[in-house]
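Right, one structure below, let's go through it.
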Amino acid sequence: MISVKEIVEKLHLEAVSSTRSLDRPVAGGYASDLLSCVMKGAKKDDIWITLQSHVNVIAVASLIGLAAVIMTEGNRPDQETLNRAESEGVTLLLTPRTTYTVVGALNELGIKGNP
Amino acid sequence: MIPPLIMEQARRLGLSMIAITDHNTCDNVEAVIEASEGTGVHVLPGMELQSREEVHLLCLFDTVLQCHEWQEVVSRKLPPLSNKEEIFGAQFVVDATGEFVGAEERLLAASADMGLEEVVAEVHSRGGMVIPAHVDRPSFSLLANLGFVPESLDVEALEVTRQFTPMTGLERWPQLKSWCLIVDGDAHRLHEMQNRTLFKIAAPRVEEIHLALKGEQGRAVVVDWPGPSQIS
């Protein structure tokens, strides 16, 4: 299984929190900007791609046990969100690229969505 | 929804306070306030702001000046897109009689580049108040977009749609049990105006509404909840 670290390197992502758990394996991928949907649709050990950067993202990622979260289109978490991510052990990865582009690249790496 | 008809409908419904909250603008507020003169209906100037998270937030103020100053902040945070009337509808500005004054050409159906908490803090600093709008809606709402109410959110109440019933709503979102909920019309048409939220307050002012939502100093808010068969 591919690790968060390999994804960070291949997609040139900026890891901004909980960078010590980058060896974590990624089981699958999920993309949505509606957190209510993520709570229903994403699975443990998935990587979640979103342009939301609100602090609730951390709670959702922690609740589900996601491997990492990629925030797209240059959206950056504020300090409160970063602090929460650090304390909850949630890995946040940033990119200026769009969700579409990132999802495409992840697919090429063999990371599939839930059927 | 032109100002004289809004006032007529408010009178029919027995409303003594309404708020004008157009999407990301308050350009029609003064016209409705003017139309309300002599009617006994108080008009709160306001706006329904769409935040960066695409969450709709009611921003209410005491004065038109406060509201316009807020609009200036919001305007700078909107994307520079033009409205497309055939898709988003015309964005009319009218006078107190409902006569056409102009049309806003900038697209108002967009998100202001401000985070939820940033909006709340800014509106508070200007003497206004924020109530997250129609939180039970499947889109543009706090619960749909952000999953749950953030624990540190500095607001006193949440607005639910007129279709919301405590029986099913509180079961689906148990978190709402600890919140003061109010029902507004979110009226885009006259017949959608509601008269189901009663504020027991000394004056139609933001400060008083705050007290009512918190249930302090003898102020209170009472909502008329429908039974399952009475939803319109």
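Residue numbers (this note's numbering), protein chains in the order written: chain A, 1 to 115; chain B, 1001 to 1232.
By construction, the Cβ of each residue, glycine as well, lies at the ideal position given by its N, Cα and C atoms.
Because the structure is a prediction, the values reported are computed rather than measured.
Practice task
Could you run through the stretch 1031-1053 of chain B and flag, in chain order, every residue whose CB is less than 7 Å away from some CB of chain A?
Solution key: E1053
Exercise for the section: State yes or no: is the beta carbon of A:N56 nearer than 7 Å to at least one beta carbon in chain B? Expected result: At least one CB of chain B lies nearer than 7 Å to the CB of A:N56.
Exercise for the section: Anything in chain A within Cβ reach of B:G1127, meaning under 9 Å, just list it in chain order. Expected result: Near B:G1127 there are no residues of chain A at all, since even the closest Cβ is about 24 Å away, more than 9 Å.
Practice task
Mind checking the stretch 1163-1182 of chain B against chain A and listing, in chain order, the residues whose C-beta falls within less than 7 Å of any C-beta there?
Solution key: Cβ contacts with chain A: none found.
Exercise for the section: Note down the Cα distance separating B:D1186 from B:V1130, rounded to an integer number of angstroms. Expected result: 15 Å
Exercise for the section: Inspect the beta-carbon positions of B:N1145 and B:L1107 and report whether they are closer than 7 Å. Expected result: no
Practice task
Could you tell me which chain B residues have their CB closer than 8 Å to the CB of A:V60, listed as they occur along the chain?
Solution key: Per Cβ cutoff of 8 Å: G1147.
Practice task
Measure from the C-beta of B:P1150 to each C-beta in chain A and report whether the shortest distance is under 7 Å.
Solution key: yes
Exercise for the section: At 9 Å on the CB atoms, spell out the chain B contacts of A:M39, in chain order. Expected result: G1147, F1148
Exercise for the section: Just confirm the distance between the C-beta atoms of A:E86 and A:S17, as a whole number of angstroms; I'd bet it's less than 8 Å. Expected result: Their Cβ separation, rounded to whole angstroms, is 5 Å, which keeps A:E86 and A:S17 in contact under 8 Å.
Problem - Minimum Cβ-Cβ distance from A:L106 to chain B less than 7 Å - result: no
Problem - Interface positions of the stretch 1088-1107 of chain B facing chain A (Cβ-Cβ less than 7 Å), listed along the chain - result: none
Exercise for the section: Run the CB neighbour count on B:A1133, radius 10 Å, all protein chains shown included, and call it buried at 16 or more, exposed below. Expected result: buried
Handout entry: Distance CB(B:V1119)-CB(B:S1036) smaller than 7 Å
Key = no
Practice task
Let me know the secondary structure DSSP gives B:V1160 once reduced to three states.
Solution key: strand
Exercise for the section: For chain B, find out if any of its Cβ atoms is closer than 7 Å to the Cβ of A:L66; answer yes or no. Expected result: no
Handout entry: For A:I70: DSSP bridge partner residues
Key = Under DSSP, A:I70 shares a beta bridge with A:I49, A:L93.
Handout entry: B:A1203 versus B:A1212, B:L1058, B:Q1163, residue with shortest Cα-Cα distance
Key = B:A1212
Practice task
Indicate whether the contact test is met: 3 or more Cβ pairs, each with one atom in the stretch 1065-1085 of chain B and one in the stretch 1017-1032 of chain B, closer than 8 Å.
Solution key: yes
Handout entry: CA-to-CA distance, A:Y30 to A:N107, given in whole angstroms
Key = 11 Å
Practice task
Using alpha carbons as the reference points, say which of B:V1094, B:V1055, B:I1018, B:V1029 lies closest to A:L35.
Solution key: B:V1055
Problem - Positions along the stretch 13-36 of chain A whose CB lies within less than 7 Å of some CB in chain B - result: L34, L35, S36
Practice task
Flag this pair as yes or no: are the beta carbons of B:E1030 and B:V1064 separated by less than 7 Å?
Solution key: Contact: yes.
Practice task
Drop a sphere of 10 angstroms on the beta-carbon of B:F1088, count the other beta-carbons inside from all chains shown, and report buried for 16 or more, exposed for fewer.
Solution key: exposed
Exercise for the section: Say whether chain A places a C-beta atom closer than 7 Å to the C-beta of B:A1144. Expected result: For B:A1144, a Cβ of chain A is located within less than 7 Å of the residue's own Cβ.
Problem - Where the alpha helix (DSSP H) containing B:T1168 begins and where it ends - result: 1166-1172
Practice task
Measure the alpha-carbon distance for A:T91 versus A:V102 and round it to whole angstroms.
Solution key: Between the C-alpha atoms of A:T91 and A:V102 there is a straight-line separation of about 17 Å.
Practice task
Let me know the secondary structure DSSP gives B:F1140 once reduced to three states.
Solution key: It is coil, neither helix nor strand.
Problem - Residue of B:L1190, B:P1226, B:D1224, B:I1182 minimising C-alpha distance to B:I1209 - result: B:I1182
Exercise for the section: Give the residues of chain A in contact with B:L1078, contact being defined as C-beta atoms less than 9 Å apart. Expected result: Residues of chain A passing the Cβ test: none, with the nearest at roughly 17 Å.
Exercise for the section: Report buried or exposed for B:F1061, applying the criterion of at least 16 other Cβ atoms within 10 angstroms of its Cβ. Expected result: buried
Handout entry: Straight-line gap, B:S1178 to B:K1200 (C-alpha atoms, nearest Å)
Key = 20 Å
Exercise for the section: In the DSSP assignment, find the unbroken beta strand (DSSP E) run with B:Q1050 in it and report its ends. Expected result: 1042-1050
Practice task
Can you grab the Cα-Cα spacing for the pair A:A56 / B:L1116, in whole Å?
Solution key: The amino acid at residue 56 of chain A is misidentified as Ala; the sequence shows Asn. Computed Cα separation, rounded: 11 Å.
Practice task
Taking C-beta pairs closer than 8 Å, name the residues in chain B that A:D78 reaches, listed in chain order.
Solution key: Here the neighbours are G1115.
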